[in-house]
Amino acid sequence: MNVKQRGIALGVILVLSATGAAGYVWKSHQDQARTVAEAPAVAAGGDLSALRAQPHLVFRSTALGDGYGQIAVVPLTAAGGPRAFTGVACERVYATGADTICLAANRGLVTTYKSQLLDTSWKPVRDLPLTGLPSRARLSRDGSLIATTTFVFGDSYANPGQFSTRTIVTRTDGKVVGDIEKFTLRADGKVITASDKNLWGVTFADDDGFYATASSGGKTWLVKGSLKARTVTSVHGDVECPSLSPDGTRIAFKKHGDLPAGKWRLSVYDLRTGTVTELAETRSIDDQAEWLDDKTVVYGLPREGAGSASSDVWQVPADGSGQPQLLVQDAWSPAVVRG
């Protein structure tokens, strides 16, 4: 076979390979769509406008069926009951009484992602910067600030230093405040400038202050940041994905400790005393927890043996007592809206 013939043969192989890959992806999507379509319907009900006027829970529904992946809403007084669907699909969602941030996927041969701000009628009002695979999203309590974290490469937090994140803070009017990984990081008394520096998992304290996770050199810290000063400073070690309590006194987070790679223990850090309390949830939690109230932490947990498509939202006391309890079945990415 001469050079030209080898080139033609290679071209045919590449075309056939590409065609085969496309066919495989298409078939995979068809199989998934068939599974979703054949799943039993989840209980649906409730008026979205009426729910907005009372304390409610916003989440991503993971019940197989027509509403899979959509934002859903339930009243806090009946979180396990029928859910109202918004018709908007997201990978990650967070909400306040006025706004909702939706990190969404456009699936196809090449999957792309977008970040959108939604209004009270669940309609998109603004596209926001998004640079990679959606991971975390938060709104400030007054609804003026948005933080999104994405993976630029890699797909998990299991090995600090082996992934790269981008965490962008914007205002709800679309103005970019900044990439917090470009802020000055001070940890353990020194400025960290290493190329493996990453910051993620913002939780807002007010219109300037926030908490987040910083990592470098295989270490992670809870850091306190200032948007105005463009600085972040370490507060405590071994803290990931912090969430500030409604009264502003404690941080719910996941800690690695001496657990195997990719495993974490849900805990609470008291900002006043520096005390860390491990919660009664002993399963590994890879989520940015949310507070149901000042006494209770809620979080998403993939269902064991059911694959990544199925998950539930659980609750557990924030003082280390009691036992985990199922709050919402077939749910993920919870946001508590108190009105």
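Its first residue numbered 1031, the sequence shown is counted upward by one per residue in the numbering used here. Heads up, the beta-carbon is just placed ideally off N, CA and C, and yes, glycines get one too. Keep in mind the model is a prediction, meaning the values are calculated, not measured.
Check                                                                                                                       : Outcome
Three-pair Cβ contact test at 8 Å for the region 1097 to 1104 versus the region 1347 to 1354                                : no
Distance between S1151 and A1119 (C-alpha atoms, nearest Å)                                                                 : 14 Å
Whether K1258 touches D1238 by CB criterion (9 Å)                                                                           : yes
Distance between G1173 and G1097 (C-alpha atoms, nearest Å)                                                                 : 27 Å
According to DSSP, residues forming a beta bridge with Q1100                                                                : A1119
G1352 versus T1326: straight-line alpha-carbon distance, rounded                                                            : 11 Å
Close Cβ partners of T1263 (< 7 Å) along its chain, the five nearest in sequence each way excluded                          : R1216, V1253 and K1254
Top-ranked residue by Cα proximity to D1226, from A1071, G1248 and P1272                                                    : G1248
Contact set for T1200: own chain, Cβ-Cβ below 7 Å, skip 5 residues either direction                                         : L1158, P1159, I1176, V1206 and V1207
Nearest candidate by alpha-carbon position, reference A1114, set R1090, R1122 and R1137                                     : R1090
Helix, strand or coil at A1242 [DSSP, three-state]                                                                          : strand
Close-in-space but distant-in-sequence residues of the same chain around V1042 (CB under 7 Å, 5 per side omitted)           : Here the model assigns V1042 a pLDDT of 34, short of 50, so the residue's position is not dependable, and the following value carries that caveat. Counting only Cβ-Cβ distances below 7 Å, and skipping sequence neighbours, we find nothing.
K1212 - DSSP class collapsed to helix/strand/coil                                                                           : helix
For D1203 and A1083, the rounded distance between their alpha carbons                                                       : 24 Å
Alpha-carbon spacing of V1328 relative to T1223, whole angstroms                                                            : 35 Å
Assumed close pair C1132, L1106 - CB separation to whole angstroms, cut-off 8 Å                                             : The pair is not a contact, with the Cβ atoms about 21 Å apart (cut-off 8 Å).
L1169 and F1234 closer than 9 Å at C-beta                                                                                   : yes
DSSP three-state assignment for A1361, whether helix, strand or coil                                                        : strand
Anticipated Cβ contact below 8 Å, R1166 with R1122, distance rounded                                                        : 7 Å
Nearest to T1369 (by Cα), restricted to the options W1344, T1126, V1306 and D1300                                           : Note on residue identity: the sequence assigns Gly, not Thr, to residue 1369. Residue T1126 is the option with its Cα nearest to G1369.
Rounded straight-line distance, which links the Cα of P1332 to that of A1108                                                : 22 Å
Residue range of the unbroken beta strand (DSSP E) whose run includes R1201                                                 : S1194 to R1201
Distance, W1344 Cα to S1314 Cα                                                                                              : 13 Å
Where the alpha helix (DSSP H) containing S1079 begins and where it ends                                                    : L1078 to R1082
Where A1108 sits in the DSSP three-state scheme                                                                             : helix
Proximity of T1214 and G1231 at Cβ, strictly below 9 Å                                                                      : no
Own chain, CB closer than 6 Å to T1370, minus 5 neighbours either side, in chain order                                      : This structure leaves residue 1370 out entirely; the chain is present only between 1031 and 1369.
E1334 versus D1342: straight-line alpha-carbon distance, rounded                                                            : 10 Å
Residues that DSSP places opposite R1368 in a beta bridge                                                                   : R1368 is not bridged to any residue.
Where P1354 falls: helix, strand or coil (DSSP)                                                                             : coil
Neighbour-count burial assignment, D1185, 16 or more Cβ in a 10 Å radius                                                    : Caution applies to D1185, whose pLDDT of 44 falls short of 50 and renders its modelled position unreliable; the model cannot decide the point.
Chain-order list of residues whose beta-carbon lies under 8 Å from that of H1266 (same chain, five-residue window excluded) : W1251, L1252, Y1299, G1304 and V1306
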